[in-house]
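Trainee: Just dropping this structure here.
There are 2 protein chains.
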Amino acid sequence: MDKKPPLISVAIVEDDDDIRQSLAVLIDGTEGFMCANTYRECWEAIQGVTAETPDVVLMDIGLPGMSGIEGIRRIKDRLPDLDILVLTVHENDEIVFEALCAGACGYLVKETPPARILEAIREVKRGGSPMSTQIARMVTNSFQRKTMHPLTTREVEVLDTLCKGKSYKMIGESLFISEETVRRHLKNIYKKLEVHSKSEAVAKALKEKIV
Amino acid sequence: MDKKPPLISVAIVEDDDDIRQSLAVLIDGTEGFMCANTYRECWEAIQGVTAETPDVVLMDIGLPGMSGIEGIRRIKDRLPDLDILVLTVHENDEIVFEALCAGACGYLVKETPPARILEAIREVKRGGSPMSTQIARMVTNSFQRKTMHPLTTREVEVLDTLCKGKSYKMIGESLFISEETVRRHLKNIYKKLEVHSKSEAVAKALKEKIV
DNA sequence: CTATAATTGACCCGTTCGGGTTATTTTCCC
DNA sequence: GGGAAAATAACCCGAACGGGTCAATTATAG
């Protein structure tokens, strides 16, 4: 008696008819997979997947009406544990990171061969986060500190201490310099970063990964 | 006449003699790979790779003397374009993210089968960032906003505006409430986050991904 | 329907900050 | 060894902030 592994059910959100149908055929035609449903746009998908609760959603980004990014956000709001895998032509930094922040757990570019798409879906099911080569590199690079900024070594130290929430006085004590010198450094930092307050400086430092 | 692809030269940093030699044998014994050198600890490795400039460094984390994390940092300081692939038993969040921040472009756990290690090295060479299943998921999850925090919806809005570097007055104008109410919200936010200044609140909000 | 949480608003007061100006010492590159 | 860049330090002043106390209205959950 054969013991069949449970099917991985996949929902597809893709506006291009050809691509959508090809994907559906690919998934339904492969042992171990089933296509739960397909959608042309996000609104339908949000309704649909809430009812169907597939294992994985294959999601395009450039969609008519609501963008895939917002779609991911909405679906994740309702079903935080549902895994959403992005499949798109967009390789732009902004979009990649927005998709991941919205809750995507993987990101494939559209030239990905069918076999790799299937493998990626399996990987998602196993608790992984498959990404195309260049996307993965963008992601790991995003962790690294920026070195291209106009600040001197000492200024970075001051800014780093500032980011720990300290006052001028406390920064001075930490770095063994007078409060007035801290003040001076901060003035220079503000000019260079084009900010006008501690909180703005901290926000910029953390967002731009200066510290 | 055969056209051989150039060999991928790999340096290994690993203190365990058995593992180090196994890896060296694996790499030298595989078509298309060569082991440039092996090191027991970071200091040697830093000197060595600076001279040899291999294509990829396979790096352990738990090393005697300087930790692999610091080793990655030092090597990257000297050779920012050298690709370093971590191969370790450590799956702890802290260590994974420290390694990536230090400059690792990939992260494999030690149970990774030899074939996958070789494939990962090829992927690094192609400009990718191979990661073990669970590591990749940790990484994508790290982009998502935390929902477990003690702040109310409105407080998050206020904090979000604060993170754009605005003053109380400007926050009030943005959210159509009086400056005094902003002040009140901030007081509650400070209590809940246990901070005592705008910059500390911004730092905490961004680091903890509350906004 | 009631009680609790959330959101809104106000005043006071001492501290800190942001921006302006000036100046000396140290470090490091050419 | 000379000059530029960086790091150090000081003073002033008005604006902004942090913390304290008090209070009203609106949602929301039980």
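Protein chains in written order, with our numbering: chain A, 1 to 211; chain B, 1001 to 1211. Where is the CB? At the ideal position from N, CA and C, for every residue including glycine.
1. For the segment 91-109 of chain A against the segment 1137-1149 of chain B, are there 3 or more C-beta pairs whose distance is under 8 Å?
2. Which whole-angstrom value describes the C-beta separation of residue 163(A) and residue 120(A), a residue pair presumed to lie in contact below a C-beta threshold of 8 Å?
3. For residue 1162(B), would you say it is in contact with chain A, using Cβ-to-Cβ distances shorter than 8 Å as the test?
4. Taking buried to mean at least 16 other C-beta atoms within 10 Å of its own C-beta, is residue 1010(B) buried or exposed?
5. Give the range of the beta strand (DSSP E) segment to which residue 1109(B) is assigned.
6. Report yes or no: do three or more beta-carbon pairs, one from the segment 1120-1132 of chain B and one from the segment 155-172 of chain A, lie closer than 8 Å?
7. Are residue 42(A) and residue 63(A) closer than 8 Å when you measure CB to CB?
8. Just verifying my parser: in three-state terms, what is the DSSP assignment at residue 1009(B)?
9. Name the one or two DSSP bridge partners that residue 1092(B) has.
10. Tell me, please, which residues DSSP counts as bridged to residue 1039(B).
11. Using the three-state DSSP reduction, which class does residue 176(A) fall into: helix, strand or coil?
12. Quick one: any contact between the segment 1170-1179 of chain B and the segment 1190-1197 of chain B, if contact means 3 or more CB pairs under 8 Å?
13. Going along chain B in order, which residues have a C-beta closer than 7 Å to the C-beta of residue 165(A)?
14. According to a CB-to-CB cut-off of less than 7 Å, which residues of the segment 1018-1047 of chain B neighbour chain A?
15. Given this structure, state the Cα-to-Cα distance separating residue 1024(B) from residue 1084(B), to the nearest angstrom.
16. Identify the contact partners of residue 133(A) in chain B, using a Cβ-Cβ distance below 7 Å as the criterion.
17. Tell me which residue opens and which closes the beta strand (DSSP E) that residue 1056(B) is part of.
18. On the DSSP bridge list, what partners appear for residue 1019(B)?
19. With a threshold of 8 Å between beta-carbons, can residue 106(A) be considered close to chain B, or not?
20. Relative to chain B, which residues along the segment 136-147 of chain A have a C-beta separation below 9 Å, given in chain order?
21. Helix, strand or coil for residue 1186(B)? Go by DSSP, reduced to three states.
22. If we count the other Cβ atoms within 10 Å of its Cβ and call it buried at 16 or more, is residue 104(A) buried or exposed?
23. For the alpha helix (DSSP H) holding residue 1140(B), just list the boundary residues, first then last.
24. What's the gap between the Cα of residue 1106(B) and the Cα of residue 1123(B)?
25. Does residue 1170(B) come out as helix, strand or coil in the three-state DSSP assignment?
26. In whole angstroms, what is the alpha-carbon distance linking residue 88(A) and residue 69(A)?
Mentor: According to the data block:
1. Because the criterion of three Cβ pairs below 8 Å is met, the segment 91-109 of chain A and the segment 1137-1149 of chain B touch.
2. No, residue 163(A) and residue 120(A) are not in contact; Cβ-Cβ is about 37 Å, not under 8 Å.
3. Closer than 8 Å to some Cβ of chain A, the Cβ of residue 1162(B) qualifies, so yes.
4. With 16 or more other CB atoms across the displayed protein chains lying within 10 angstroms of its CB, residue 1010(B) is buried.
5. Note, residue 1109(B): beta strand (DSSP E), 1106-1109.
6. Taking a cut-off of 8 Å on C-beta distances, the segment 1120-1132 of chain B does not touch the segment 155-172 of chain A, as fewer than three cross pairs fall below it.
7. Against a cut-off of 8 Å, the Cβ pair of residue 63(A) and residue 42(A) comes out as a contact.
8. Looking at residue 1009(B) - three-state DSSP - the assignment turns out to be strand.
9. Beta-bridge pairing links residue 1092(B) to no other residue.
10. Under the DSSP definition of a beta bridge, residue 1039(B) partners with 1013(B).
11. In this structure, residue 176(A) counts as coil in the three-state DSSP scheme.
12. These segments do not touch.
13. In chain order: 1195, 1197, 1199, 1200 and 1203.
14. Contact annotation: in the segment 1018-1047 of chain B, no residue has its CB less than 7 Å from a CB in chain A.
15. Looking at the two C-alpha atoms, the distance is approximately 16 Å.
16. Near residue 133(A) (Cβ distances below 7 Å), the residues of chain B are 1123, 1126, 1127 and 1128.
17. 1056-1059 is the span of the beta strand (DSSP E), which, as asked, contains residue 1056(B).
18. DSSP lists no partner for residue 1019(B).
19. Yes, because at least one Cβ of chain B sits closer than 8 Å to the Cβ of residue 106(A).
20. Shown in chain order are the members of the segment 136-147 of chain A whose Cβ falls below 9 Å from a Cβ of chain B: 136, 137, 138, 139, 140, 141, 142, 143, 144, 145 and 147.
21. Correct three-state label for residue 1186(B): helix.
22. So residue 104(A) counts as buried.
23. From DSSP, the alpha helix (DSSP H) with residue 1140(B) extends over 1133-1141.
24. CA-CA distance, residue 1106(B) to residue 1123(B), rounds to 10 Å.
25. In the structure shown, residue 1170(B) sits in a helix (DSSP, three-state: H, G or I).
26. So the two alpha carbons sit approximately 11 Å from each other.
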